[in-house]
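Here's the structure we're looking at; comments come further down.
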Amino acid sequence: MPHVIVQNCCNDGSCVPECPVDCIHPTPDEPEYATAEMLYIDPDVCIDCGACIDACPVSAITTDYELTTEMAPFEAMNAEYYRAVGSSADRDHPYADPRLGRKRPASDAATLRIAVVGAGAAGHYVVSELQSRIDVRAEIDVYERLAEPGGLVRFGVAPDHADTKKVQEQFTKSRAQKGVTTHLGVRVGEEVSHEDLARTHHAVVYAVGSLHGRTLDLPGAELPGVIAAADLVAWYNGHPDFAGLSVDLTHERVVVLGNGNVALDVARILTADPETFVGTDMTDEALVALRDSQVREVVVLGRRGPEHAAFTSPELVGLARTVPVVVEPEDLVEPSDDDADEQTRFYRTQKLALLRALPPASAGSGERRVVLRFGTPPTGITVSDGALSVAFDDHGAPGSLDCGMVLASIGLRGTSVPGVPYDEATGTIPNTDGRVLGPDGAALPGVYVAGWCKRGPTGVIGTNRFDARGTVDALVEDFHAGILRAE
Ligand code: SF4
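Numbering (UniProt numbering) for the sequence shown: 1 to 487.
Here it is, written out as C-alpha cells:
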C-alpha cells in the first residue's frame, strides 16, 4: 500500500529527507530536480511509514487506498517514473537536508541585518534559509508593495487550488518568528529607496518575482481584446493592479497563444462551472463576469508538437477532470528526436499517452470545452465587426479562428525595481549565483536576487527554496569575507 504524490506537489522537497528508505525522487541534489514536473514515490520501495505526509506543506501525499477517482492517474504516474528512470533502490546518495537537526545560532554569532524585497514564495524561502543558518543571526525586514503578502501563490495560483495555497501558512510562520518585521504596502524604489535599504542593512535581497506577461511579437498584438494570460490570472485573483481589467467574455470562443500551465489554467477557469469558485480567492467582479460569460470554447494554440508542450502532465490531468478537453489526432505526431534524457523522454511519452486518451475535437458537443492544438504557430491577429480573428499555420495550410479575446501565454518578465540593474532582454535582474551585477559586470556588494527575477520564470513554488539557498549561501559567504557593511 504505497504512498502517492498527487497533482498539487510543490517540489518543495520537504518530504524527501523524511523518507527512511530514500524512495522520493528526484531529490533536490539530483540533476533531474531542476526540470522535474513533480516529485514521485517509488511504490516498490515505499514501506508505507507515512513520515512524508506531515512534511508536505501542500497536502500532496496520500496513501494509494485513499486516492480519489480524480487522483487515480497519479498512482500510475508515480510508478511509471521509476520504470522510466530506474528504481530508487539503485541510487546510492541519500539526500541530507542541512537544515535538519540544526541548532540555534550561538549567542555570540554575528548579527546580519537583511532587507528582503517581496513577500512571495522567493522572499519566504530567503527568510527561511536565513533563519536556518547557525553561523549568523539574521534580523530581517521584509518589504512588500501590496497590502497582502503571498506574491504569485496568492495572486497567481488558481483560486480553487486551496491545497497549493496552503503553502502560505509556512510563509506566515517564518515571518512571525522573532527577528522578522514585515512592512506591507511599501514600494521599494518609490516610498523607500534602494540606497536607504542598502545603507541600513548588510544586504538587500530582491525577490520581486515576475508579474507581467512577455510582449507578443505578432501583427495585431496591440489590438483591444488581446491581453496577457497572466493579467487575466491576476484579475480573477484580485490583484489590485488589475482591478477593472477589460475582459470580454461576450463571444463564444477565446484563443490562448502558448500552452504552458498558465494557458491551461486560464482555459480551465474560463470553461469551468463558475460556482466552483464561490468562497475562493476569486473576486466578485470575476465571478459575475464568469456567470454571465458566453464563452463555450477555449482553443489553446501551441507553436510546436506535443513533445514540446510546455504544460505539465499534472496540469493536463487537472484540466481534463474539470472540463471536456479535445485534441486533433493529426496534431499528435510521435517525437522524432531521441537525444533527450530519460526524464524528458518519460515526460514526452506520458504527455502523448494522456493526450491520446482524450477524445478527438470533432467529438465535442454543445457543452463548454477546451481544444488543444499543436504545431499551429499563430501568424497574426485582425479585427472585424467587433470580433478578433487569429490566423495560424495549420500544418502548412492557413487556418483562422474567430474569437472575442486572445490571451497571450508566452512567458513572464521579471519585475524591475528603480535603482536596481535590470536586463530588458532576459527580463531578469543580472546576477551570478544571486549576486547582482552592476553595469560593469562586477558584483554589487550587498545586493542579491532570488526567485524568478533571478533565474527567469521556471520551476514551481518549491523550486524557489533551493534557489534561495544558493543566494543566501553567497550572501553569508560575502558577510564572512568582510564584504558587507551596514550603518
Ligand atoms: Fe517514504 Fe514512508 Fe513516505 Fe513511503 S510513506 S514515501 S517510505 S516517507
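C-beta atoms are modelled at their ideal positions from N, C-alpha and C, and glycine is treated no differently.
- Set against 7 Å, the gap from the CB of Cys-49 to the closest heavy atom of ligand 1 is smaller.
- Where Cys-52 is concerned, the enclosing alpha helix (DSSP H) starts and stops at 51-55.
- In the DSSP assignment, Phe-479 falls within the unbroken alpha helix (DSSP H) covering 463-480.
- Contact between Val-4 and Thr-62 holds: their C-beta atoms lie close to 6 Å from each other, under 8 Å.
- Beta-bridge analysis with DSSP links Arg-373 to Leu-301.
- Beta-bridge partners of Asp-160 (DSSP): none assigned.
- Ala-203 places its beta carbon 8 Å or farther from that of Leu-401.
- Within the same chain, and ignoring the five residues on either side of Cys-56 in sequence, the residues whose Cβ sits closer than 6 Å to its Cβ are Cys-15.
- Listed in chain order, the beta strand (DSSP E) runs fully inside the region 201-263 are 203-206, 226-228 and 253-257, counting runs of at least 3 residues.
- Take the alpha-carbon of Asp-440 and the one of Gly-414: they are about 21 Å apart.
- Counted as a single uninterrupted DSSP element, the alpha helix (DSSP H) harbouring Leu-316 occupies residues 313-320.
- Contact annotation: the region 319-326 touches the region 260-269, with at least three C-beta pairs closer than 8 Å.
- Scanning Ala-96, Ser-87 and Leu-130 for the CA closest to the CA of Gly-470 turns up Leu-130.
- For Cys-46, the CB contacts under 6 Å within the same chain, skipping 5 residues up- and downstream, are Pro-2, His-3 and Cys-23 in chain order.
- For Met-77, the enclosing alpha helix (DSSP H) stretches over residues 72-85.
- Bounds of the alpha helix (DSSP H) holding Leu-130 are 121-131.
- In this structure, Pro-26 has its CB at a distance of at least 7 Å from all heavy atoms of ligand 1.
- Taking a cut-off of 8 Å for Cβ pairs, the region 449-468 and the region 117-125 touch, as three or more such pairs fall below it.
- Nearest to Glu-148 by C-alpha distance, out of Ile-134, Val-127, Arg-187 and Asp-163, is Arg-187.
- If only uninterrupted beta strand (DSSP E) runs of at least 3 residues are considered, those enclosed by the UniProt domain "4Fe-4S ferredoxin-type" (1-29) are 3-5.
- Taking the Cα of Val-371 as reference, the smallest distance to any Cα among Trp-452, Asn-259, Val-116 and Ser-416 is reached at Asn-259.
- At least one heavy atom of ligand 1 is found less than 7 Å from the C-beta of Pro-2.
- Between Leu-197 and the set Ser-174, Asp-160 and Ile-140, the nearest pair of CA atoms involves Ile-140.
- Short of 6 Å from the beta carbon of Leu-290, and not among the five residues preceding or following it, lie these beta carbons of its own chain, in chain order: Pro-274.
- In this structure, Ser-210 and Leu-358 do not form a Cβ contact; the two beta carbons are roughly 30 Å apart against a cut-off of 8 Å.
- His-183 has Tyr-143 as its beta-bridge partners, per DSSP.
- Note on geometry: alpha-carbon atoms of Asp-64 and Gly-86 lie some 21 Å from one another.
- Looking at the backbone, the Cα of Thr-181 and that of Arg-175 are separated by about 7 Å.
- Secondary-structure assignment with DSSP links Leu-412 through a beta bridge to Gly-213.
- Glu-37 places its beta carbon 8 Å or farther from that of Ser-409.
- Pairing Arg-104 with Val-417, the inter-Cα distance amounts to about 34 Å.
- Contact check for Phe-392 and Thr-376: beta-carbon distance about 5 Å, within the 8 Å limit, so the pair qualifies.
- Beta-bridge annotation (DSSP): Ile-114 is paired with Ile-140 and Ala-203.
- Comparing alpha-carbon positions, the option among His-161, Arg-137, Arg-154 and Val-390 lying closest to Gly-179 turns out to be Arg-137.
- Within the same chain, and ignoring the five residues on either side of Ala-340 in sequence, the residues whose Cβ sits closer than 8 Å to its Cβ are Arg-348.
- Between the C-alpha atoms of Gly-404 and Leu-287 there is a straight-line separation of about 19 Å.
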